[in-house]
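Have a look at the structure below, then the notes.
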Amino acid sequence: MKTEKISLINPKGGAGKTVSAVNIAYALVNKGYKTLLIDSDPRSAIQVYLDLESENTLYDLLKDKYENYTVNINLKDYIISKNGLDVIIADERLNEIEKIYKGDIESELTCFVDLDFQDYDFVVFDTEGTINNMTRAILRGTNYILTPTQPSNIDINGIRDLLSLVETAKRKNPSIEVKKIFLVRAKQQTNAYKSFSEQLKEIFDEKQFSEIAIREAQDVINAMSEGLDIFSYKKSSGVAIDYKNLVDEFLEEIEVTEIIKEI
Numbered sequence: 020m021k022t023e024k025i026s027l028i029n030p031k032g033g034a035g036k037t038v039s040a041v042n043i044a045y046a047l048v049n050k051g052y053k054t055l056l057i058d059s060d061p062r063s064a065i066q067v068y069l070d071l072e073s074e075n076t077l078y079d080l081l082k083d084k085y086e087n088y089t090v091n092i093n094l095k096d097y098i099i100s101k102n103g104l105d106v107i108i109a110d111e112r113l114n115e116i117e118k119i120y121k122g123d124i125e126s127e128l129t130c131f132v133d134l135d136f137q138d139y140d141f142v143v144f145d146t147e148g149t150i151n152n153m154t155r156a157i158l159r160g161t162n163y164i165l166t167p168t169q170p171s172n173i174d175i176n177g178i179r180d181l182l183s184l185v186e187t188a189k190r191k192n193p194s195i196e197v198k199k200i201f202l203v204r205a206k207q208q209t210n211a212y213k214s215f216s217e218q219l220k221e222i223f224d225e226k227q228f229s230e231i232a233i234r235e236a237q238d239v240i241n242a243m244s245e246g247l248d249i250f251s252y253k254k255s256s257g258v259a260i261d262y263k264n265l266v267d268e269f270l271e272e273i274e275v276t277e278i279i280k281e282i
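FYI, the numbering for the sequence shown is 20 to 282, going by this note's numbering.
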């Protein structure tokens, strides 16, 4: 199996990207896949969420890669592991990384997306809630985009920005694919949920928009307060079941796609 790169992207902040990135990564681990989670947000959301500490962060990896471009980077130097998941965390210094680079910054940032990830089945990128050079660079190496969004009319603007971003990214990465749009913090019996679902169905086809929504539940907040993914906190939680089902749906679809390609 080749390494598949998944990016959690929504240009709107507060859309649930970090919670989803963490729990999707752990859902993949629970299925037996070797998975690496990379945080590209200077606010260190994953570090805080999972209560992690590491001397070497994504900033150090990018800096070392740029300054020592002839030397092979050893990913293990930048990785911290927790409950079977490998993680590269970010910190606020990432805001300064573009001051180090010269020339085409987006192209320079792409260097870390093109690193040797052959030890992994999946690499999951958590991105900022904004469109910047880092996000564009990640899109150059992404196979699949997964987009969480809250069920509100305000969030539809983030989805429109996403589509524009992907169309631009396809010029340099034609194989990139918006694979799953899914609702988070969902209250499925509300009119807001039903209305927003119908709007998304008009924009995306039936495979892109997932009927599997991540329900709103206190378990997510409780898990975060203990520095745990939802599966480690409470495997029987409805949210854990939702993320498991979403990943199962995703895996089934990409496996079918690979079979078709081989035929």
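We put the CB at the ideal spot given by N, CA and C, even for glycine.
- Counting other Cβ atoms within 10 Å of its Cβ, residue 240 stays below 16 and is therefore classed as exposed.
- By alpha-carbon distance to residue 187, the top candidate from 266, 152, 243 and 225 is 152.
- If you look at residue 79, you'll find it in the alpha helix (DSSP H) that goes 77-86.
- Shown here, residue 94 sits in a helix according to DSSP, grouped into three states.
- Within the same chain, Cβ atoms closer than 7 Å to the Cβ of residue 156 are found at 125, 128, 129 and 132, the five residues on either side in sequence being excluded.
- When the Cα atoms are used, residue 106 and residue 56 turn out to be separated by approximately 5 Å.
- The alpha-carbon separation between residue 256 and residue 268 amounts to approximately 18 Å.
- Bounds of the alpha helix (DSSP H) holding residue 48 are 36-49.
- Secondary structure in the segment 149-206: the beta strand (DSSP E) runs of 3 residues or longer, each lying completely within the stretch, are 163-168 and 196-202 in chain order.
- In the three-state DSSP reduction, residue 233 falls in the coil class, being neither helix nor strand.
- Inclusion of residue 97 and residue 79 in the CB contact set at 8 Å is warranted, their separation being smaller than that value.
- Under the DSSP assignment, residue 124 falls outside any beta strand (DSSP E), being part of the alpha helix (DSSP H) whose first and last residues are 124-132.
- With 16 or more other Cβ atoms from the protein chains shown falling within 10 Å of its own Cβ, residue 161 counts as buried.
- Less than 8 Å separates the beta-carbon of residue 203 from that of residue 233.
- No Cβ-Cβ contact shorter than 8 Å links residue 36 with residue 154.
- Beyond the five residues adjoining it in sequence on each side, residue 52 comes within less than 7 Å, by CB distance, of 140 and 141 in the same chain, given in chain order.
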